[in-house]
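Numbering (full-length UniProt numbering), first residue to last: 1 to 180.
One structure is given here, and the rest of the page talks about it.
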């Protein structure tokens, strides 16, 4: 088919048109969908999910399908301070991530004034095979620390004190990976 355009200044253009076969485009879209369905599980299973606030994790859990949340294997949560949503966050970790295998939670020293407030909700999280709670040094234990240590024998997690330099380096690495 030929289309001709002529304007008022005698400018003319003639275009040749032909039928376009959309089948290859539709097939490639189908291939993309098939590839997505093949790799989406891998995306959730093979990556470490990093959250800096309890609200981030809570909001994230509301945006994904339950089966996608169930695919998450590794999660890291770094908390800069006390948060009223801590119990809700632990509830989500315990109930909405059944496939969780490795969980690392970093508690910031200035925010740890009531150790039982932080540790008690963690007992409901049973599914990870590797479950660490990191506290950076210098950390000055409260008087409750001695009592809490006695109760940790049956805890599903292990507390580790790490040097601030070590944690900052690994956190910077995680942040640089987030931007990729």
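Glycine included, C-beta positions come from ideal geometry on N, C-alpha and C.
Fair warning: this is a prediction, and the values are worked out from it, not measured in the lab.
- With a 10 Å radius around the Cβ and a threshold of 16 neighbouring Cβ atoms, residue 130 comes out exposed.
- A distance of 8 angstroms or more separates the beta carbons of residue 119 and residue 75.
- Residue environment: residue 39 is assigned as exposed (fewer than 16 neighbouring CB atoms within 10 Å of its CB, all protein chains considered).
- When rounded, the separation of the alpha-carbon atoms in residue 78 and residue 54 is 9 angstroms.
- Counting along the chain, residue 60 sits inside no beta strand (DSSP E); it lies in the alpha helix (DSSP H) bounded by residues 54-63.
- Following the DSSP letters along the chain, one finds residue 158 inside the beta strand (DSSP E) bounded by residues 158-163.
- The shortest CA-to-CA distance from residue 68 to any of 51, 44, 117, 156 is the one to 44.
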